[in-house]
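Below is one structure, written out as structure tokens; the observations come after it.
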Amino acid sequence: MAYYRPPGPPADPIIVRDLTRQQDELRTQVRLQPLPQEPQLIAGCDSSFPTPETVLSVFVVLRFPTLEIVEKVYHTSPVTLPYIPGLLAFREAPNLLLAYDKLQRKPDVIMVDGHGIAHPRRVGIAAHLGVLLDVPTFGVAKQRLTGTYQEPALTKGSITPLTEKGGELLGEVIRSKDKVNPLFVSPGHRCDQATSTRLTLACLRGYKLPEPTRLADHWAEEFKKELR
DNA sequence: GCGACAG
DNA sequence: ATCTTGTCGC
Numbered sequence: 008m009a010y011y012r013p014p015g016p017p018a019d020p021i022i023v024r025d026l027t028r029q030q031d032e033l034r035t036q037v038r039l040q041p042l043p044q045e046p047q048l049i050a051g052c053d054s055s056f057p058t059p060e061t062v063l064s065v066f067v068v069l070r071f072p073t074l075e076i077v078e079k080v081y082h083t084s085p086v087t088l089p090y091i092p093g094l095l096a097f098r099e100a101p102n103l104l105l106a107y108d109k110l111q112r113k114p115d116v117i118m119v120d121g122h123g124i125a126h127p128r129r130v131g132i133a134a135h136l137g138v139l140l141d142v143p144t145f146g147v148a149k150q151r152l153t154g155t156y157q158e159p160a161l162t163k164g165s166i167t168p169l170t171e172k173g174g175e176l177l178g179e180v181i182r183s184k185d186k187v188n189p190l191f192v193s194p195g196h197r198c199d200q201a202t203s204t205r206l207t208l209a210c211l212r213g214y215k216l217p218e219p220t221r222l223a224d225h226w227a228e229e230f231k232k233e234l235r
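If you read the first sequence in the numbering used here, its first letter stands for residue 8, the second for the next number, and so on.
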């Protein structure tokens, strides 16, 4: 589990302050709304690190709702920022954008591995990426970043709300498979909670992770090996 | 002041 | 995220 966290290099307070302000700006761009129509193509994206100074991002496009693989691409870049909780997007989004450019077929919606608005300033990587691409996005994370929730029942399909003090709904905690740790699903940009949850459930195929992110995760690992 | 902290 | 063997449960 993520109980103990070894100390990393100190984050420059000036950089943190600047990036945090950029998030507050991006936050004003986020729009929560249902998709204009049922998606024909859904994409999944994820990043891996072949070396501590290299980031590799993958985009996998699937036909919806059949989930047949339509296309997969990847791109690598030098790492420019250490991992800082809450600022993940500034570390991975730049390279994700370059990978996205390589796609021949652009998706109607993107499932991002990480949080959407379930973030301290409501701009997790899914929302951040959605605004930069101006494409519908939502996030599927494996760990909580902020908010509180009741553990959902142990059966697949059980759902409980992820809320902020005061009652604000940040996302939903979903049991995607019997007796496995739940997923944290939240809308990113030009998407809403109901759609995010519905699409996540529609993409489950017996694994903990829905197909888009599961495959992106898989290829991020495969391409990483190829670079050795 | 003390803990929490996506990937 | 990454390092890294065996092991418990369905």
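The C-beta atom is built at its ideal place from N, Cα and C for all residues, glycine as well.
Fair warning: this is a prediction, and the values are worked out from it, not measured in the lab.
I believe Ile181 touches Pro159 by the beta-carbon criterion, under 8 Å. Please report the beta-carbon distance rounded to the nearest angstrom.
7 Å
Shortest alpha-carbon distance to Leu103 belongs to which of Cys210, Val67, Lys215?
Val67
At what residue ranges does the segment 83 to 109 contain a whole run of the alpha helix (DSSP H), taking only runs of 4 or more?
95 to 108
Measure the alpha-carbon distance for Glu175 versus Pro168 and round it to whole angstroms.
10 Å
Starting from Ala209 and walking both ways along the alpha helix (DSSP H), at which residues does that stretch end?
200 to 209
Along the chain, where does the beta strand (DSSP E) that runs through Val138 open and close?
No beta strand (DSSP E) contains Val138, which is instead part of the alpha helix (DSSP H) from 132 to 140.
For Gln40, count the other beta carbons within 10 Å of its own beta carbon; 16 or more makes it buried, fewer makes it exposed. Which is it?
exposed
Own chain, CB closer than 7 Å to Leu211, minus 5 neighbours either side, in chain order
Ser183, Pro217
Report the CB separation of His135 from Leu152 in whole angstroms; it is logged as a contact under 8 Å.
Contact flag wrong, Cβ pair sits at about 13 Å.
By DSSP, does Thr27 sit in helix, in strand, or in coil?
helix
Where does the unbroken alpha helix (DSSP H) through Ala223 begin, and where does it stop?
218 to 233
Does DSSP classify Pro41 as helix, strand or coil?
coil
Since I believe Phe145 is in contact with Pro72 (beta carbons under 8 Å), could you give me their beta-carbon distance rounded to a whole number of angstroms?
16 Å between Cβ atoms; not a contact.
How do the segment 35 to 49 and the segment 57 to 65 stand: do at least 3 beta-carbon pairs fall below 8 Å, yes or no?
no
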